[in-house]
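Quick note: the sequence shown uses our numbering, first residue 75, plus one each step.
Inspection log for the structure reproduced underneath, given as structure tokens.
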Amino acid sequence: MNELSRNSSPEPPPYLISEDPSAKVKSSLKLSELIETPVEKHLPTVILNIGGLKHQILWKNLEKFPNTRLGRISRASNILEIESLCDVLVDHKISEIFFDRNPTTMGLILGFYRTGILHVDDTICPLAYSDDLKYWQINEIHIDPCCLIKFNVRRERVLEESGKLIEEDSDSSTSSQHEERFVSDTKRKIWYIMEKPYTSTLAKVMNIVSISFIIVSLIGMVLSTTHYFHVRNEKGELIEDNYPLNIIEAVCVIWFTIEYVVRFACCPNKLNFIKGFLNFVDLLAIVPYYVSLILLKTRGKSYQDIRKILQVFRIMRIFRILKLARHSTGLQSVGYTFKKSYQELGLLLLFMGMGVLVFSSLAYFAEKEDNGDAFSSIPSTFWWALITMTTVGYGDIYPVTLWGKIIASVCAICGVLFLAMPIPIIVNNFEQYYKEKLSQDKAEKIICKMKRQFKDDAKA
């Protein structure tokens, strides 16, 4: 790329800046005449003025890609066709063409025309680069493989983060009516209090209160299983739950219910709220309690069956611990890691499944004569193979023959290798997302601080 100079905006032709009405008529006549004017290239090169930064390139290089914007200019049959593809045609000798665009990516664009290879600069926003490619009518399929994967990953990440910000701010727009604007602003403030603990002091207090209710609920659930808090009859049979713990449980569930309803009422996008995993966890934390109340009201002949169902719903209360993920970046990163690493986890399960099948079969045939009670069949040996491959080794089943011990040793070594291979990828995904999440939270805090400062300055 040859950079000539950065100068002021080029001076357009007189017929474009004339303010005389009669001159405008003359200019329109000139334009109609230009339709019939053929393109004559007086020089082998053309100067492309991109936002004031001039680049020079051979016409023949532009002709290599005729379906792009610059390629169509190089093959234009008349002046008017060129003017329709640029912002200003500086002179009709086609020596300089002006485009009112950001010149940041132009070096990469012209490099594509010269070499046929399109590269990507990591310092350029992937969305801005993608928009430039659309403007210059260059298909992304031309991006070189060395840059394509990294470019797509960066773009998806930016789209995901910007999508979250847009979703969060989608309810901040005001309507023309004062009442609607007031309701919208009120909902937005409540939503920020419930979802963004760093936006205000009240939001921080709400965050602490919510975490406290979760912890109290979990403590109550754990204590309800101890004998000290059981209420029994003379025969020692459990007849009812502990009353104080029931009150604590009811208060916590009422808080969770109010919190869920308020968040749903004030959320910017109801559909995304329903589909959100953390919101599903919140619903899972409160529904079992109400189902249990309904079942208790239907006591009858099938009371024993109802008690079994109640036991299942009480076990589901343990999922309340997942509510802490809403308040912890680390826990959210773990969930994202599992979602992002599903291929690696699937590969790990495939390796382990193959290993269990192979080594359980070998161990069965090696031990069935001398240790047939422990290794009675291949399916019954699956447990031994899995425990050995994961290096747990309970010792409830073990080989006694020489070949069985050799197979067990190889099984343990292969298990270590199978487990070790995908772990670095999973850890890298966790580390990458955790750092990005911390950076995003920090950026949102700065934005909220700037918004508050702007409002204070506006009031002053």
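C-beta atoms are modelled at their ideal positions from N, C-alpha and C, and glycine is treated no differently.
Source: prediction; values computed, not measured.
Query - Per DSSP, cross-strand counterpart(s) of Phe-172 - result: Translated into positions along the sequence shown, residue 172 becomes position 98. The partner list for Phe-172 (beta bridge, DSSP) reads Asn-123, Val-162.
Query raised in the report: Quick one: what's Ile-217 bridged to in DSSP?
Result: Counted from its first residue, the sequence shown places residue 217 at position 143. Its beta-bridge partners are Leu-192.
Query - Segment contact, 8 Å Cβ cut-off, at least three pairs: the segment 497 to 504 with the segment 449 to 468 - result: no
Query raised in the report: What is the rounded straight-line gap between the Cα of Thr-318 and the Cα of Phe-492?
Result: What you label residue 318 is simply residue 244 of the sequence shown in a count that begins at 1. What you label residue 492 is simply residue 418 of the sequence shown in a count that begins at 1. Note that residue 318 is Pro in the sequence shown, not Thr. Each residue's Cα considered, the two are about 50 Å apart.
Query - Option nearest Thr-356 by Cα separation, candidates Leu-370, Ile-392, Pro-342, Leu-367 - result: For this step, residue 356 is matched to residue 282 along the sequence shown. Per the sequence shown, the amino acid found at residue 356 is Asp instead of Thr. It is Ile-392.
**Report entry** Pick from Thr-275, Ile-156, Met-268 that is closest to Arg-526, judged by C-alpha positions
**Finding:** Residue 526 sits at position 452 when you count from the first residue of the sequence shown. Minimum Cα distance to Arg-526 is reached at Thr-275.
Report task. Using three-state DSSP, classify Ser-450 as helix, strand or coil. Result -> Translated into positions along the sequence shown, residue 450 becomes position 376. Looking at Ser-450 - three-state DSSP - the assignment turns out to be coil, as it is neither helix nor strand.
Query raised in the report: Three or more beta-carbon pairs under 8 Å between the segment 335 to 348 and the segment 393 to 403, yes or no?
Result: no
Report task. Can you tell me which of Tyr-472, Asn-135, Tyr-507, Ile-461 puts its alpha carbon nearest to the alpha carbon of Arg-188? Result -> The residue labelled residue 188 in the question sits at position 114 within the sequence shown. Residue Asn-135 is the option with its Cα nearest to Arg-188.
Query raised in the report: Between the beta-carbon of His-401 and the beta-carbon of Asn-281, is there less than 8 Å?
Result: Here residue 401 corresponds to residue number 327 of the sequence shown, with the count starting at 1. Here residue 281 corresponds to residue number 207 of the sequence shown, with the count starting at 1. Yes. Within cutoff.
Query raised in the report: Can you tell which of Asn-316, Ile-156, Ile-452, Ile-348 has the C-alpha that lies nearest to the C-alpha of Ser-298?
Result: Numbered from 1 along the sequence shown, position 224 holds the residue referred to as residue 298. Per the Cα distances, Asn-316.
Query - Status (buried if at least 16 other CB within 10 Å, exposed otherwise) for Phe-528 - result: Taking the first residue of the sequence shown as position 1, residue 528 is located at position 454. Phe-528 comes out exposed.
Query raised in the report: Expressed to the nearest angstrom, what Euclidean distance is found between the alpha-carbon atoms of Gly-145 and Gly-126?
Result: As a first step, residue 145 must be located in the sequence shown, where it is residue number 71. As a first step, residue 126 must be located in the sequence shown, where it is residue number 52. One C-alpha to the other measures close to 21 Å.
Query raised in the report: Nearest-angstrom Cα distance between Leu-192 and Lys-138?
Result: Here residue 192 refers to the residue found at position 118 of the sequence shown. Here residue 138 refers to the residue found at position 64 of the sequence shown. Cα to Cα, Leu-192 sits roughly 14 Å from Lys-138.
Requested in this report: Apply the 10 Å Cβ neighbour rule to Cys-71 and answer buried if 16 or more other Cβ atoms are within range, or exposed otherwise.
Outcome: The displayed coordinates of the chain run from 75 to 534. Any statement about residue 71 would go beyond what the structure contains.
Report task. Look at the alpha carbon of Tyr-363 and the alpha carbon of Leu-369, and state the distance between them as a whole number of angstroms. Result -> The sequence position of residue 363 within the sequence shown is 289, counting from 1. The sequence position of residue 369 within the sequence shown is 295, counting from 1. Approximately 10 Å between the Cα atoms of the pair.
Requested in this report: Starting from Asn-502, follow its DSSP beta bridges and name the residues at the other end.
Outcome: Residue numbering aside, residue 502 sits at position 428 when the sequence shown is read from its first letter. Partner(s): none; Asn-502 has no beta bridge.
Report task. Go ahead and label Ala-359 buried or exposed: buried means 16 or more other beta carbons lie within 10 angstroms of its beta carbon, across all protein chains shown. Result -> Here residue 359 corresponds to residue number 285 of the sequence shown, with the count starting at 1. Answer is buried; the Cβ neighbour count reaches 16.
Query raised in the report: For Asn-343, does the three-state DSSP call read helix, strand or coil?
Result: In the sequence shown, counting from the first residue as 1, residue 343 sits at position 269. Asn-343 falls in the coil class under three-state DSSP.
Requested in this report: Would you kindly check if the distance between the Cβ of Phe-425 and the Cβ of Leu-419 is under 8 Å?
Outcome: For the purposes of this step, residue 419 is taken as residue 345 along the sequence shown, with counting starting at 1. For the purposes of this step, residue 425 is taken as residue 351 along the sequence shown, with counting starting at 1. Their beta carbons are not under 8 Å apart, which means Leu-419 does not touch Phe-425 by this criterion.
Requested in this report: Quick one: residues in its chain with C-beta nearer than 8 Å to the C-beta of Pro-140, no 5 flanking neighbours on either side, listed in chain order?
Outcome: Along the sequence shown, read from residue 1 onward, the residue named residue 140 stands at position 66. Excluding positions up to five away in sequence, the list reads Arg-146, Ser-148, Arg-149.
Query - Any C-beta of chain C under 8 Å from that of Leu-292 - result: The structure shown contains no chain C; it holds only a single protein chain.
Query raised in the report: Which class does Asn-226 belong to by DSSP, given the choice of helix, strand or coil?
Result: To locate residue 226, count along the sequence shown from 1; it is residue 152. It is helical.
Query raised in the report: Near Phe-504, what residues of its chain come up, given a Cβ to Cβ distance below 6 Å and the 5 sequence neighbours on each side ignored?
Result: Counting from 1 along the sequence shown, the entry for residue 504 is found at position 430. The answer, listed in chain order, is Ser-407, Thr-411.
Query - Host alpha helix (DSSP H) of Leu-358 (start-end) - result: Along the sequence shown, one-based indexing puts residue 358 at 284. Leu-358 -> alpha helix (DSSP H) spans 351 to 370.
Query raised in the report: Roughly how many angstroms separate the alpha carbons of Ala-324 and Lys-511, rounded to a whole number?
Result: The count along the sequence shown starts at 1 and reaches residue 324 at position 250. The count along the sequence shown starts at 1 and reaches residue 511 at position 437. Whole-angstrom Cα-Cα distance: 35 Å.
Report task. Return helix, strand or coil for Asn-152, following the three-state DSSP convention. Result -> Start at 1 with the first residue of the sequence shown, and residue 152 comes out as number 78. Reduced to three states, the DSSP call for Asn-152 is strand.
Query raised in the report: How would you label Trp-477, buried or exposed, when you count the other beta carbons within 10 angstroms and need 16 or more for buried?
Result: As a working mapping, residue 477 is identified with position 403 in the sequence shown. By the 10 Å Cβ count, Trp-477 comes out exposed.
Requested in this report: Answer with buried or exposed for Phe-433, where buried requires no fewer than 16 other C-beta atoms within 10 angstroms of its C-beta.
Outcome: Walking along the sequence shown from the start, residue 433 turns up at place 359. Classification for Phe-433: buried.
Query raised in the report: At what residues does the alpha helix (DSSP H) containing Lys-397 begin and finish?
Result: On the sequence shown, position 323 is the one that residue 397 refers to. Here Lys-397 belongs to no alpha helix (DSSP H), and DSSP marks it neither H nor E.
Query raised in the report: Of all the options Ala-202, Asp-444, Cys-488, Lys-349, which has the alpha carbon lying nearest to the alpha carbon of Gly-427?
Result: Taking the sequence shown and counting its residues from 1, one reaches residue 427 at position 353. The shortest C-alpha separation from Gly-427 is found at Cys-488.
Query raised in the report: From Glu-269 to Arg-337, what does the alpha carbon distance come to, in whole angstroms?
Result: Here residue 269 is taken as the residue at index 195 of the sequence shown, counted from 1. Here residue 337 is taken as the residue at index 263 of the sequence shown, counted from 1. Cα-Cα distance, rounded: 8 Å.
Query - Check whether Ala-486 and Ala-459 have beta carbons under 8 Å apart - result: What you label residue 486 is simply residue 412 of the sequence shown in a count that begins at 1. What you label residue 459 is simply residue 385 of the sequence shown in a count that begins at 1. No, the pair does not count as a contact, with Cβ atoms beyond the cut-off.
Query - Pro-318 (DSSP reduced to helix, strand or coil) - result: On the sequence shown, position 244 is the one that residue 318 refers to. It is helical.
Query - Inter-residue CB distance, Arg-143 and Leu-159 (contact presumed, cutoff 8 Å) - result: As a position in the sequence shown, residue 143 is number 69, starting the count at 1. As a position in the sequence shown, residue 159 is number 85, starting the count at 1. Between Leu-159 and Arg-143 the Cβ distance is about 6 Å, and since that is below 8 Å, they are a contact.
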